[in-house]
Amino acid sequence: MLLGITVQKPNSLDRNSKVAFAMSQKNMALDLSLFPETSSINNNIKRVTSKQDAINFATTASKSFGYNIDSNIIFTLANKSTKSQLFLFQNNEDTLGCGIVFFDSKNNAGLHMIGTLPEGRGKGIGKSITKTLLQEAKNQNANYAVLNASAMGEPIYLKFDFKTYGEIETYELIHS
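Here it is, written out as structure tokens:
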């Protein structure tokens, strides 16, 4: 099991021999009053409702992010939580992307696990998923959408006019 810590950048952990840099992400937010209403829905995007959907989501997220996602947790989250909505991008029987929108107690929307399989990248799938999550947030009258953007996802979010509000870095603990 990998153990890691995530801290705000700048920090001095790069000089610490007990940790190794893993990744950097940008903290981004969008004022949803600036997001236009849209009626165009991508027919390839569907909500996670069934056990098979949860398995497809977990498999896609695991391959997209490089760590294991438990389909039982995804199924429970999709069917028991009133604060989250989970989506899949499917082309015929192939699941190529996924994403979650979570609504907090302050009426903000957190966008999570927006992932696209390598064979689906560069085809607008991440953009379609992000647009769906933003539309759901707007439909729920959320004030802001927030996320942590990877280097791969950042260009998509900038096209939606997300603004950057800092950066975080994740480090893995080195076992000696």
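Each residue of the sequence shown is one higher than the one before, starting from 386 at the first, in our numbering. Glycine included, every Cβ here is placed at the ideal spot set by N, Cα and C. Since the model is a prediction, treat every value here as computed from it, not as a measurement.
*Distance between V531 and A405 (C-alpha atoms, nearest Å)*: What you label residue 405 is simply residue 20 of the sequence shown in a count that begins at 1. What you label residue 531 is simply residue 146 of the sequence shown in a count that begins at 1. Rounded to the nearest angstrom, the two C-alpha atoms are 27 Å apart.
*If we ignore side chains and look at the alpha-carbon of each, how far apart do H560 and S402 end up?*
As a working note, residue 560 is residue 175 in the sequence shown. As a working note, residue 402 is residue 17 in the sequence shown. Near 10 Å, if we compare the C-alpha coordinates of S402 and H560.
_T517 versus K523 - alpha carbon distance_ = Mapped onto the sequence shown, residue 517 falls at position 132. Mapped onto the sequence shown, residue 523 falls at position 138. Going from the Cα of T517 to the Cα of K523 covers about 10 Å.
*asked:* Quick check on DSSP: helix, strand or coil for L471?
replied: As a first step, residue 471 is located in the sequence shown; it is residue number 86 there, counting from the start. For L471, the secondary structure class from DSSP, reduced to helix, strand or coil, is strand.
_7 Å CB neighbourhood of N476 in its chain, flanking five on each side removed_ = In the sequence shown, residue 476 corresponds to position 91, counting from 1. Excluding sequence neighbours, N476 sits near N429.
*Residue range of the beta strand (DSSP E) that includes Y542*: If you number the sequence shown from 1, residue 542 lands on position 157. Unbroken run through Y542 is the alpha helix (DSSP H), 539 to 544; no beta strand (DSSP E).
*Uninterrupted alpha helix (DSSP H) stretches inside the stretch 483 to 561 (no shorter than 4 residues)*: Counting only runs of 4 or more, we get 510 to 524, 539 to 544.
_Less than 9 Å between the C-beta atoms of A443 and D455, yes or no?_
Walking along the sequence shown from the start, residue 443 turns up at place 58. Walking along the sequence shown from the start, residue 455 turns up at place 70. The beta carbons of A443 and D455 sit closer together than 9 Å.
_A414 beta carbon less than 9 Å from that of Y529_ = Start at 1 with the first residue of the sequence shown, and residue 529 comes out as number 144. Start at 1 with the first residue of the sequence shown, and residue 414 comes out as number 29. In this structure, the beta-carbon distance from Y529 to A414 falls below 9 Å.
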